[in-house]
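What follows is a set of notes on a single structure, which appears directly below.
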Amino acid sequence: MNEKAQAFIRAVRLRKTYRGGGEDYDALREVNLEVARGEFAAIVGPSGCGKSTLLYVLGGLTAATSGEVTVGGEELRTLGDAALSRLRGRTTGFVFQRFNLLPTLSIRENLALAQAIRGADRGGIDTLLAKVGLAEKAHRRPAELSMGEQQRAAIARALAHRPAILLADEPTGNLDSGNSVRILDLLGAMHRDSGQTILLVTHDPGVAGAADRVIRMRDGKIE
Amino acid sequence: MMRLVAANIRHRKTRSLVCVAAVGIGISLFLVLSGLCRGMIAESAQRMRNTGASIIVQPRGSSGLLAFKGSSLPVKYAPEIERVPGVAAACPVLTWTTTIQKVIYVIYGLDLDRYEAVGGRLEIVEGRPWRGGNELLLDTRLAAANGYRVGDPVTLLGTRFTIAGIFRSGVGARVYLPLATLQETMHLDGMCSLFFVKTGAGAAPAGVASSIDARLPALRASALDRYEDVMVNEITGLNEFFGVITSTALVISFLVILLTMYTTIIERTREIGILRSLGATRGWILRLVVGESLLLCGLGAAAGVALTLCARLWLASFHPLLTMEISPRGIVRATLLALAGGVLGALYPGFRAARIDPVEALTYE
Numbered sequence: 001m002n003e004k005a006q007a008f009i010r011a012v013r014l015r016k017t018y019r020g021g022g023e024d025y026d027a028l029r030e031v032n033l034e035v036a037r038g039e040f041a042a043i044v045g046p047s048g049c050g051k052s053t054l055l056y057v058l059g060g061l062t063a064a065t066s067g068e069v070t071v072g073g074e075e076l077r078t079l080g081d082a083a084l085s086r087l088r089g090r091t092t093g094f095v096f097q098r099f100n101l102l103p104t105l106s107i108r109e110n111l112a113l114a115q116a117i118r119g120a121d122r123g124g125i126d127t128l129l130a131k132v133g134l135a136e137k138a139h140r141r142p143a144e145l146s147m148g149e150q151q152r153a154a155i156a157r158a159l160a161h162r163p164a165i166l167l168a169d170e171p172t173g174n175l176d177s178g179n180s181v182r183i184l185d186l187l188g189a190m191h192r193d194s195g196q197t198i199l200l201v202t203h204d205p206g207v208a209g210a211a212d213r214v215i216r217m218r219d220g221k222i223e
Numbered sequence: 001m002m003r004l005v006a007a008n009i010r011h012r013k014t015r016s017l018v019c020v021a022a023v024g025i026g027i028s029l030f031l032v033l034s035g036l037c038r039g040m041i042a043e044s045a046q047r048m049r050n051t052g053a054s055i056i057v058q059p060r061g062s063s064g065l066l067a068f069k070g071s072s073l074p075v076k077y078a079p080e081i082e083r084v085p086g087v088a089a090a091c092p093v094l095t096w097t098t099t100i101q102k103v104i105y106v107i108y109g110l111d112l113d114r115y116e117a118v119g120g121r122l123e124i125v126e127g128r129p130w131r132g133g134n135e136l137l138l139d140t141r142l143a144a145a146n147g148y149r150v151g152d153p154v155t156l157l158g159t160r161f162t163i164a165g166i167f168r169s170g171v172g173a174r175v176y177l178p179l180a181t182l183q184e185t186m187h188l189d190g191m192c193s194l195f196f197v198k199t200g201a202g203a204a205p206a207g208v209a210s211s212i213d214a215r216l217p218a219l220r221a222s223a224l225d226r227y228e229d230v231m232v233n234e235i236t237g238l239n240e241f242f243g244v245i246t247s248t249a250l251v252i253s254f255l256v257i258l259l260t261m262y263t264t265i266i267e268r269t270r271e272i273g274i275l276r277s278l279g280a281t282r283g284w285i286l287r288l289v290v291g292e293s294l295l296l297c298g299l300g301a302a303a304g305v306a307l308t309l310c311a312r313l314w315l316a317s318f319h320p321l322l323t324m325e326i327s328p329r330g331i332v333r334a335t336l337l338a339l340a341g342g343v344l345g346a347l348y349p350g351f352r353a354a355r356i357d358p359v360e361a362l363t364y365e
């Protein structure tokens with residue numbers, strides 16, 4: 001089996017139950033999934049179907065109630081908080097619908113901080129910002145940028161430490177169609193140029209069309 | 001991390017200023033109160049040492065401070081003290097307190113010749129020594145603070161005196177009268193409060209003091225080189241007072257930081273989620289919170305020191321008789337107090353921030 005075909009992210013019988021208000025809510029129900037290294041996959045489904053939860057569990061941001069998640073051969077359940085944080089920092093970059101840039105720092109400082117937290121090699125920030133078209137705005141704060149620019153900055157930050165996996169949660173959800181196309185083009189280019197594994201969550205079939213593979217979810221299950 | 005800490009402080013200017021000011025006021029309170037206490041005691045002890053005497057002799061069982069108002073020693077003890085081996089001379093001093101312009105002062109009644117014999121020399125910068133009767137000498141600080149000149153009348157203890165001379169401050173009391181005049185004024189003929197004793201060449205003051213204690217059981221002799229310690233130990237509750245103001249400064253710093261960082265954590269829950277998504281460990285988040293509080297407390301300590309220096313300038317201008325001691329050791333101690341309060345105050349919010357669930361934080365509105 002070549003490396004590309006080998007499962008880089010594997011979820012087995014994944015279940016995530018939220019408890020609150022005296023009632024249990026199953027966000028994920030026995031989800032099995034494999035994503036190969038270098039694959040660009042989109043998870044689509046209606047709001048509340050569990051696609052964002054799946055993304056966060058696969059990224060190690062929250063733990064599954066039961067089941068197994070393996071990323072690059074490491075089983076997340078066996079890792080403590082520090083080891084899980086380090087793995088997340090080393091292998092994964094997140095892009096969120098609401099951009100989630102730190103408002104007190106400039107765009108350049110946001111990228112530098114991401115590298116510092118992950119202990120990644122400093123440098124490459126200017127190249128990355130040029131690639132996303134923000135070289136001229138590197139010293140501006142997020143609030144001084146348009147929404148499309150903020151999302152491009154967020155993508156640059158997610159890639160600042162050259163992660164193997166990019167997890168994007170509704171990356172075009174807050175953008176107009178022009179900016180959405182630009183973001184999808186950017187993700188496609190990153191995937192082609194760097195061979196990153198990209199897992200993108202969206203409820204928009206048009207956005208999902210940018211991916212090589214589409215995974216459909218409904219009621220916490222993969223269809 | 002430090003860039004993020006600095007950016008957070010800059011970004012929330014009002015919160016940061018209020019926090020720095022509150023910590024600064026606490027630190028300044030600590031420095032001013034302890035500085036005034038230590039300054040007044042140190043200056044008083046220094047003036048005692050500057051008398052030139054080696055030993056002070058008081059009634060046994062009396063306090064190093066309270067005895068200054070007493071008058072329970074007969075002057076006739078002087079020859080007995082002078083017969084103790086190692087003693088060169090003894091000078092009887094009657095001390096009393098009086099108020100001048102609503103401020104309390106200790107006054108000394110003594111004979112200038114005998115005072116000089118124990119090493120006491122008043123450097124008169126204006127006027128002359130008294131010629132007996134109702135004349136007195138004032139020190140330069142008291143004269144400057146009240147605008148007194150030689151020849152001015154001063155009413156003390158219900159009696160009108162004339163200022164015969166003004167001597168350079170820093171020696172013994174601020175007001176000197178002839179012993180006989182003070183005895184007569186207070187109806188204390190033949191009595192005094194203490195003796196200043198000069199030891200002979202080569203005699204160790206501590207050893208001579210022990211000899212006086214042994215030979216004259218009704219008296220207590222103390223070497224003046226450790227008089228400051230005697231004062232500190234004998235002022236009832238002084239060490240407890242220092243403890244209270246130290247604790248107060250620590251508690252203020254702790255509470256201010258606790259409240260500031262706690263509200264900051266609530267306000268920045270989403271940012272903590274972002275940092276966790278970037279790979280920040282719980283320890284990293286804890287260090288971030290503690291680092292921010294340390295920087296705030298450090299700035300607060302600097303503000304407190306600046307405030308204290310301003311207070312000292314103000315005191316020097318408007319209350320020149322008050323002495324405030326600000327030592328590098330005191331500043332370091334105050335800074336450490338602020339930082340300790342900051343670390344303690346940041347621990348709970350820091351641990352709370354570290355335990356925030358990243359996904360919940362990212363969806364926090």
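Residue numbers (the working numbering), protein chains in the order written: chain H, 1 to 223; chain A, 1 to 365.
The beta-carbon is built from N, C-alpha and C at its ideal position, and this holds for glycine as well.
With H/Glu34 as the anchor, note down where its beta strand (DSSP E) starts and where it stops. In the DSSP assignment, H/Glu34 falls within the unbroken beta strand (DSSP E) covering Glu23 to Ala36.
Report yes or no: do the stretch 39 to 49 of chain H and the stretch 205 to 218 of chain H share at least 3 C-beta pairs separated by less than 8 Å? Segments in contact, yes.
Measuring CB atoms only, is the stretch 117 to 134 of chain H touching the stretch 309 to 329 of chain A, in the sense that at least three cross pairs come out at less than 8 Å? Contact between the stretch 117 to 134 of chain H and the stretch 309 to 329 of chain A is absent: fewer than three C-beta pairs spanning the two stretches fall below 8 Å.
Opposing strand residues paired with A/Glu135 [DSSP bridges]: Under DSSP, the beta-bridge partners assigned to A/Glu135 are A/Thr162.
Write down the C-beta distance between H/Arg13 and H/Asp26 rounded to the nearest angstrom, noting that I regard them as a contact closer than 8 Å. The distance from the Cβ of H/Arg13 to that of H/Asp26 is about 13 Å, inconsistent with a contact at the 8 Å cut-off.
Expected contact under 8 Å - CB spacing of A/Thr335 and A/Ala301 to nearest Å: Distance from A/Thr335 to A/Ala301 at the Cβ level is roughly 4 Å; contact confirmed, criterion being Cβ atoms closer than 8 Å.
Tell me which residues of the stretch 259 to 276 of chain A have at least one Cβ-Cβ distance to chain D shorter than 9 Å, keeping chain order. The chain labelled as chain D is not found among the protein chains of the depicted structure, namely H and A.
Could you say which of A/Ser253, A/Arg226 and A/Leu296 lies nearest to A/Ile9 if we only look at CA atoms? Ranked by Cα distance from A/Ile9, the options A/Ser253, A/Arg226 and A/Leu296 are led by A/Leu296.
For A/Cys37, which option in A/Gly330, A/Gly341 and A/Val359 has the closest C-alpha, if you only look at C-alpha atoms? Selection A/Gly330, A/Gly341 and A/Val359 evaluated against A/Cys37 yields A/Gly330 as nearest (Cα-Cα).
Cα-Cα separation between A/Ala311 and A/Arg226, rounded to whole angstroms: About 29 Å.
Please look up how many angstroms separate the CB atoms of A/Gly109 and A/Val93, rounded, as I've assumed it's under 8 Å. That pair is a contact at about 7 Å.
At a CB-CB cut-off below 7 Å, which residues of chain H make contact with A/Val171? For A/Val171, no chain H residue has a Cβ inside 7 Å of its Cβ, as the nearest lies near 60 Å away.
State yes or no: is the C-beta of H/Arg213 nearer than 6 Å to some heavy atom of the ligand SAM? With respect to the ligand SAM, the structure shown offers nothing to examine, as it has no ligands at all.
What residue range is occupied by the uninterrupted alpha helix (DSSP H) comprising H/Arg182? Per DSSP, H/Arg182 is one residue of the alpha helix (DSSP H) stretching across Ser177 to Ser194.
I think A/Leu258 touches A/Gly345, with their Cβ atoms under 8 Å apart; what is that distance to the nearest whole Å? Confirmed, about 4 Å.
Does the distance from the CB of A/Thr308 to the CB of A/Ser28 come in under 7 Å? Taking C-beta atoms as the reference points, A/Thr308 and A/Ser28 count as a pair closer than 7 Å.
H/Met92 vs H/Gly67 beta-carbon contact at 7 Å: Reading off the sequence, residue 92 of chain H comes out as Thr, not Met. No, Cβ-Cβ distance for H/Thr92 and H/Gly67 is not below 7 Å.
CB contact flag (A/Ser373, A/Pro205, <7 Å): Outside the shown range of chain A (1 to 365) lies residue 373 of chain A, about which nothing can therefore be said.
Which parts of the stretch 33 to 81 of chain H are runs of the beta strand (DSSP E), unbroken and 3 residues or longer, counting only runs that do not cross its ends? Listed in chain order, they are 40 to 44 and 66 to 71.
Just the chain H side, please: which residues come within less than 8 Å of A/Thr246 by C-beta, in chain order? The premise fails here: A/Thr246 is roughly 35 Å from chain H at the closest Cβ pair, so nothing lies under 8 Å.
Which residues, taken in chain order from the stretch 100 to 114 of chain H, show a beta carbon closer than 7 Å to some beta carbon of chain A? Residues passing the 7 Å Cβ filter: Asn100, Leu102, Thr104, Leu105, Glu109, Leu113 and Ala114.
Note down, in chain order, every chain H residue with its Cβ under 8 Å from the Cβ of A/Gly283. Within chain H, the residues near A/Gly283 are Ala82.
Would the beta-carbon of A/Val171 fall within 7 Å of that of A/Gly86? For A/Val171 and A/Gly86, no; Cβs fall outside 7 Å.
Counting beta carbon pairs with one atom in the stretch 70 to 81 of chain H and one in the stretch 142 to 158 of chain H, are three or more of them shorter than 8 Å? Result no; under three Cβ-Cβ pairs closer than 8 Å.
Whether A/Ser211 touches A/Val57 by CB criterion (7 Å): Their beta carbons are not under 7 Å apart, which means A/Ser211 does not touch A/Val57 by this criterion.
Return helix, strand or coil for A/Phe318, following the three-state DSSP convention. Note: A/Phe318 maps to helix in three-state DSSP.
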